[in-house]
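Numbered continuously in the working numbering, the sequence shown closes out at residue 209.
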Amino acid sequence: MEFVPMLWSTNKGHDGNVFLSQAKGAKVVLGFNEPERADQASMDPAWAARAWMQYIEPLRAQGTRLGSPAIASTDEGLNWMQRFLSELDRVGGRIDFLALHWYGRGANNFINWITKARQRFGDRYPVWVTEFACTSWNPSQPVSQQEVNEFMRQSIATLDSLIWVERYAWFGAQRQLDAALGSTNCLIASNGQLSELGKTYVYGF
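This is the structure:
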């Protein structure tokens with residue numbers, strides 16, 4: 005399995021120099037995690053562009069592909085990315101592909117949003133969906149396992165058919181998820197083995 009490091013943010017605990025050391029020899033790296041959100045990387049686009057030029061852009065010289073900061077599936081995220089790409093162009097950097105996150109219900113809603121995101125930037129970039137899952141975000145009204153299974157089936161079938169989607173990653177590959185996201189999205193069972201959903205994700209339908 006290929007290791008793809010991410011510089012989550014430039015806050016304490018996510019040291020850029022440590023990232024550079026970890027990324028040495030990596031074929032691909034990812035930018036910041038949901039920088040438009042105050043509870044995530046929380047970075048102004050201009051600040052993010054400067055950090056990109058300091059820590060991420062230099063890796064291009066070793067042949068590394070550079071994935072954009074990963075935005076959440078909101079207009080705020082798209083607007084942040086637009087400003088970031090403009091600022092990055094101004095300072096002489098560039099991304100090689102768009103990294104996107106999506107959480108919600110309905111495979112059509114998911115595919116429509118990632119298509120919208122790519123079109124927003126002129127269809128220039130391939131896409132990595134580095135997090136996605138089926139959730140209501142409401143612990144009192146959780147999504148059923150049947151709905152999650154069907155969402156996965158429909159979504160993956162479409163993702164595999166889109167030539168501009170290079171990679172995707174379901175969230176999450178763990179035994180437990182918080183109540184808002186829902187345990188029905190777990191790829192790992194409590195015994196540490198693949199859950200039924202995990203088996204479907206790994207081995208197909």
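The beta-carbon is built from N, C-alpha and C at its ideal position, and this holds for glycine as well.
The structure displayed is predicted, hence computed values, not measured ones.
Mind checking which residues open and close the beta strand (DSSP E) that includes residue i?
i: residue 132; result: 131 to 138
i: residue 73; result: 69 to 75
i: residue 174; result: 169 to 174
i: residue 84; result: Unbroken run through residue 84 is the alpha helix (DSSP H), 79 to 95; no beta strand (DSSP E).
i: residue 103; result: 101 to 108
When DSSP labels each residue in this structure, what does residue i get in the three-state scheme?
i: residue 33; result: strand
i: residue 7; result: coil
i: residue 51; result: helix
When you compare only the Cα positions, how much space is there between residue i and residue j?
i: residue 13; j: residue 38; result: 9 Å
i: residue 82; j: residue 98; result: 17 Å
i: residue 196; j: residue 202; result: 11 Å
i: residue 180; j: residue 121; result: 30 Å
i: residue 23; j: residue 148; result: 38 Å
i: residue 184; j: residue 106; result: 15 Å
i: residue 218; j: residue 46; result: Because the chain here runs from 5 to 209, residue 218 falls outside it and cannot be looked at.
i: residue 177; j: residue 113; result: 23 Å
i: residue 127; j: residue 182; result: 35 Å
i: residue 94; j: residue 6; result: 32 Å
For residue i, which of the options has the nearest alpha-carbon?
i: residue 31; options: 60, 111, 56; result: 60
i: residue 89; options: 51, 68, 170; result: 51
My guess is that residue i and residue j are in contact by the Cβ rule of under 8 Å, so how many angstroms apart are they, rounded?
i: residue 104; j: residue 133; result: 5 Å
i: residue 168; j: residue 130; result: 5 Å
Would you give the residue range spanned by the alpha helix (DSSP H) that residue i belongs to?
i: residue 202; result: 200 to 207
i: residue 121; result: 111 to 124
i: residue 163; result: 149 to 165
Is any beta-carbon of chain B found at less than 8 Å from that of residue i?
i: residue 203; result: The chain inventory of the structure shown lacks chain B, comprising one protein chain alone.
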